[in-house]
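Data first, discussion second: the structure below is written as structure tokens.
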Amino acid sequence: MIASVHVLHASPPEIGGFLRIGHTGHRKLEALLAANRLYFRRFVFDAAHIAEQTELVKSLRGSGCEIVLDPNSAEMATLGRFNSSVSKLPWGNPDRPWQPSDFGKGRNVDTAKAIAEFAVKYSVDAVLTPAHFVDSLPNGWTTVDMKLCEELRNELDRSGGKSVALDFQIIATNTLLRDTASRELLISSVRHLPVENVWIRASGFGATATGAATRSFMESVRHFHELQKPLVADYTGGLSGLAAAAFGVVGGMSHGVGQKETFRASGLNTPSKPGERKGSTKWIYVPELNRSFKQEQLGSLFGVRGARSRFGCNDSNCCPNGPEDMIENPHIHFITQRSRQLTDLSNVPELRRAEHLLLRHLDPAVRAARLASRLHPDDQALVKAMLASKKRLVNLRDALGDLHATDGGATRSSMPTFRGNLKNLNSAAGGQKNDKCGFQDH
Ligand SMILES: [Zn+2]
């Protein structure tokens, strides 16, 4: 035990990986947890779906994992989402999207009280503050969100949730974050709030962001280090998200299982078509190419001589039967591969992480994408996609290489503190460090 504590302190600080559970797939995650293959240890549950996922919540808690609740307030204020499953929550509104004026004096719904009671009911470790999307500032939502955050802290303290932490959410656009005046307004709004971490979900930044958008996000978000609170990039992934963590811009990142790696604000205002199931397509992650493919697309890529062995999963602890396994169980493959990337970066001392990302992750991806772009699969859309991927990766490499060369003195975000139960985490793993649902076991 003493040896394992010693190892914990000697390791470089670990990048916080948060997995968003979403509305489907929780049964698969239960199976992964039972098989000791759910390598993450921080999980975000949507308030709109947690009632159907209580078994998973219970098992994760029992294993010492951290549970974060997203109250889904942003969705409640948008035309495209207000009448989805979020409308049934006690602080939702099935009639119309909430507006800032609904949160004035004499309002009918006590949002903070309802969320606090809900959080205590589900015994979560932390709650994301009820926050709303802003694409320009000043904006009516900023004052509402600050007030809700303070009220939620008071209500949690009053209703038995003193130990439940609060993380502030900023949901905006990459363009807004680039604007100095808007950024300063956000920073001064958050500065005195009773929150541990600050989550930033930016439309225009994510797994498929261009080199310019990635660099812009990184340069803008660095200004938030002034808050001296750990930052978490939400709805991000791929090499752009990993770069934000490796360069120390954020201390953690959050996404779903092969989804929610990009946030598009435009989607919030597009009503869902009846019967439409968002996120039901099976996407298969190919880390070497920094992208996911639909099953048919991957089939046509693998149909080209040599591509299957070059891009199929050859990690026997992830997909023992190679490409067949990655296609059959894309969620296990995604979780394993993303956790490998986070662990690989976390194992490197902080000041060497940016270089490590460039040389060990981004350069090989550029080489792989160049090779893939020279293949000739039958699917013309795929040929186009591979060319676009190559172009994007080369641009990302150029933008991040230049940023690395010029930002020697840049500040770094601290890492989010783990809020689960480390004792349970270790004992659930039979004494091995974080072996149950943590990602430090490889
Ligand atoms: Zn695999």
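The opening position of the sequence shown corresponds to residue 1 in my numbering, with each subsequent residue numbered one higher. For glycine and all other residues, C-beta sits at the position ideal for the given N, C-alpha and C.
If you reduce the DSSP assignment to three classes, tell me which class Met253 lands in.
Counting from one through the sequence shown, the residue named residue 253 turns up at place 253. Judged by DSSP in its simplified three-state form, Met253 adopts strand.
Can you find a CB in chain B that lies within less than 8 Å of the CB of Asp315?
Included in the structure is just one protein chain, with no chain B present.
At 4 residues or longer, what runs of the alpha helix (DSSP H) sit wholly inside the segment 7 to 47?
Listed in chain order, the complete alpha helix (DSSP H) runs (minimum 4 residues) inside the segment 7 to 47 are 26 to 34.
With respect to 7 Å, is the separation between the Cβ of Asp325 and the closest non-hydrogen atom of ligand 1 below this value?
Here residue 325 refers to the residue found at position 325 when the sequence shown is read from its first residue. Flag set: Cβ of Asp325 near ligand 1.
Which same chain residues, not among the five before or five after Asn395, have their C-beta less than 8 Å away from its C-beta?
Locating residue 395 in the sequence shown gives position 395, counting from the first residue. Excluding its 5 nearest sequence neighbours in each direction, Asn395 has C-beta neighbours in its own chain below 8 Å: Thr210, Gly211 and Ala212, listed in chain order.
Less than 6 Å between C-beta atoms, sequence neighbours within five positions excluded: which residues of the same chain meet that for Pro349?
To locate residue 349, count along the sequence shown from 1; it is residue 349. Taken in chain order, the residues that qualify are Pro12.
Rounded distance between the beta-carbons of Arg41 and Cys65, thought under 8 Å:
Translated into positions along the sequence shown, residue 65 becomes position 65. Translated into positions along the sequence shown, residue 41 becomes position 41. Taking a contact as a CB-CB distance under 8 Å, the pair Cys65 and Arg41 counts as one, their CB atoms being some 5 Å apart.
Among Gly92, Ala48 and Ala243, which one has its Cα closest to the Cα of Leu359?
As a working note, residue 359 is residue 359 in the sequence shown. Answer by Cα proximity: Ala243.
Counting pairs of Cβ atoms below 8 Å between the segment 16 to 27 and the segment 254 to 271, do you hit three or more?
Flag = yes, the segment 16 to 27 and the segment 254 to 271 touch.
Backbone CA spacing between Met1 and Val304 [nearest angstrom]
For the purposes of this step, residue 1 is taken as residue 1 along the sequence shown, with counting starting at 1. For the purposes of this step, residue 304 is taken as residue 304 along the sequence shown, with counting starting at 1. Bear in mind that the predicted position of Met1 carries a pLDDT of just 39, short of 50, making it unreliable; the figure below should be weighed with that in mind. Rounded to whole angstroms, the separation of the alpha carbons of Val304 and Met1 is 51 Å.
Could you give the C-beta distance for Ser414 and Pro230, rounded to a whole number, given that I count them as a contact under 8 Å?
By 1-based counting over the sequence shown, the position of residue 414 is 414. By 1-based counting over the sequence shown, the position of residue 230 is 230. Under the criterion of beta carbons closer than 8 Å, Ser414 and Pro230 qualify as touching, at roughly 5 Å.
Limits of the unbroken alpha helix (DSSP H) element including Lys390
Counting from one through the sequence shown, the residue named residue 390 turns up at place 390. Where Lys390 is concerned, the enclosing alpha helix (DSSP H) stretches over Gln380 to Thr406.
What is the DSSP secondary structure of Lys137, reduced to helix, strand or coil?
Taking the sequence shown and counting its residues from 1, the one referred to as residue 137 is at position 137. Per the sequence presented here, residue 137 reads as Leu, with Lys not at that position. Note: Leu137 maps to coil in three-state DSSP.
Which term fits Phe439, buried or exposed, when burial requires 16 or more other beta carbons within 10 angstroms of its beta carbon?
Residue mapping note: residue 439 aligns to position 439 of the sequence shown, counting from 1. With a pLDDT of 40 at Phe439, under the threshold of 50, the predicted position of this residue should be treated as unreliable, though the coordinate-derived value follows. Here Phe439 is buried. Its C-beta has 16 or more other C-beta atoms within 10 Å.
Can you tell me whether Asp344 sits near ligand 1, meaning its C-beta is under 7 Å from at least one heavy atom of the ligand?
Working through the sequence shown from its first residue, we reach residue 344 at position 344. False, no ligand heavy atom lies under 7 Å from that Cβ.
Neighbourhood of Val120 by C-beta, 8 Å cutoff - its chain only, sequence neighbours within 5 removed
As a working note, residue 120 is residue 120 in the sequence shown. Cβ neighbours of Val120 within its own chain (closer than 8 Å, five residues either side excluded): Leu156, Ser159, Gly160, Gly161 and Val164.
With a threshold of 8 Å, are at least 3 pairs of Cβ atoms found where one atom belongs to the segment 45 to 65 and the other to the segment 112 to 126?
The segment 45 to 65 is in contact with the segment 112 to 126.
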